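Okay, so here's the structure we're looking at.
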Amino acid sequence: RKEVEQDPGPFNVPEGATVAFNCTYSNSASQSFFWYRQDCRKEPKLLMSVYSSGNEDGRFTAQLNRASQYISLLIRDSKLSDSATYLCVVNWEGGFKTIFGAGTRLFVKA
Amino acid sequence: EADIYQTPRYLVIGTGKKITLECSQTMGHDKMYWYQQDPGMELHLIHYSYGVNSTEKGDLSSESTVSRIRTEHFPLTLESARPSHTSQYLCASSDTRAFFGQGTRLTVV
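Chains as they are written, first to last, in the numbering used here: chain A, 7 to 116; chain C, 181 to 289.
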């Protein structure tokens, strides 16, 4: 079993739709969590950190469920420019162990 | 924007050549990483370092080697390039958040 698992997708949604991705992790000692975005043939870029109480950044909402060991990303009012691969990242041992999920591909259509 | 730089951005080289991919960061991060990624595929960790004089192999077996003589510099070397090494190589550094360079797209012919 992989340490961090994501549904690879692709998710094909129309503009304006709400879409959600989940990511599960196996290490209960995981300490910090992030979502990254990677555009085609570009490097991954930090989208947002994920806090225990949940957090929002504009149209993006991230949540953490420690009991079930998953994090989620919700995108509201999808834009064409949201089309990308979304990677979940989990850290433990004070950040010395950093594991990237394989990514979930999102296509937003006009 | 993150202060982590990779050179060259693109490299086409013949089989058997020795190459070094450069990665430098000015954020003072102790942790640095090299990933290999083929188009449309996931990231594979090939090397990492927790600080000066620390290097470890990652999850994906790689014929490359790395060194960490200075905090800011983490070069990756292939002693004898082969077509199977054709890929994108991404360097990252982190405190707890990882920041990536723009990558080196390597083609071995």
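We treat Cβ as the ideally placed atom computed from N, Cα and C, and that holds for glycine. Since we're looking at a predicted model, the values are computed, not measured.
Beta carbon of residue i nearer than 8 Å to that of residue j
| i | j | result |
| --- | --- | --- |
| Y215(C) | L223(C) | yes |
| L256(C) | L191(C) | no |
| Q282(C) | E11(A) | no |
| K85(A) | E21(A) | yes |
| K110(A) | D13(A) | The displayed chain sequence assigns Thr, not Lys, to residue 110(A). Yes, Cβ-Cβ distance for T110(A) and D13(A) is below 8 Å. |
| A26(A) | L80(A) | yes |
| L52(A) | R277(C) | yes |
| T284(C) | P188(C) | yes |
| R72(A) | T24(A) | no |
| M54(A) | D63(A) | yes |
| C29(A) | I105(A) | no |
Residues that residue i contacts on chain C, provided the C-beta gap is smaller than 7 Å
| i | result |
| --- | --- |
| G109(A) | E222 |
| P50(A) | F280 |
Selection from the options that minimises the alpha carbon distance to residue i
| i | options | result |
| --- | --- | --- |
| Q205(C) | Y213(C), K198(C) and I199(C) | Y213(C) |
| A4(A) | N97(A), G60(A) and D83(A) | Absent from the model: residue 4(A). The displayed extent of chain A is 7 to 116, so no value can be given. |
| S247(C) | E202(C), I184(C), F279(C) and D183(C) | E202(C) |
| Y228(C) | C271(C), P188(C), V289(C) and T284(C) | C271(C) |
| G238(C) | L93(A), T24(A), F102(A) and F17(A) | F102(A) |
| N97(A) | R82(A), S87(A), Y57(A) and R65(A) | Y57(A) |
| N233(C) | P219(C), F254(C) and D275(C) | F254(C) |
| S260(C) | Q268(C), S274(C), V289(C) and G208(C) | V289(C) |
| E252(C) | I193(C), T235(C), G196(C) and G208(C) | G208(C) |
| S274(C) | K197(C), K211(C) and I193(C) | K211(C) |
For residue i, the three-state DSSP class (helix, strand or coil)
| i | result |
| --- | --- |
| P50(A) | coil |
| L79(A) | strand |
| S234(C) | strand |
| S87(A) | helix |
| P14(A) | coil |
| P20(A) | strand |
| H265(C) | helix |
| D275(C) | coil |
| Q216(C) | strand |
| K8(A) | coil |
Distance between beta carbons of residue j and residue i, contact taken as under 8 Å
| i | j | result |
| --- | --- | --- |
| L258(C) | S244(C) | 5 Å |
| Y42(A) | Q75(A) | Incorrect: roughly 19 Å between the Cβ atoms, too far for contact. |
| V19(A) | V114(A) | 6 Å |
| F280(C) | I184(C) | 7 Å |
| L70(A) | F39(A) | 6 Å |
Chain-ordered neighbours of residue i on chain A, where CB pairs are closer than 9 Å
| i | result |
| --- | --- |
| G283(C) | R47, K48 and E49 |
Within chain A, partners of residue i - CB distance below 8 Å
| i | result |
| --- | --- |
| R277(C) | F40, L52 and S55 |
| S267(C) | Chain A residues near S267(C): none, gap ~12 Å exceeds 8 Å. |
Under 8 Å from the C-beta of residue i: neighbouring residues of chain C
| i | result |
| --- | --- |
| N97(A) | T276 |
Residue i: contacting residues in chain D (beta-carbon distance under 9 Å)
| i | result |
| --- | --- |
| L270(C) | Judged by its chain identifiers, the structure shown contains no chain D, and its protein chains are A and C. |
Where residue i meets chain A, residues with beta-carbon distance less than 7 Å
| i | result |
| --- | --- |
| Y185(C) | What Y185(C) touches in chain A: nothing, since even the nearest Cβ is about 12 Å away. |
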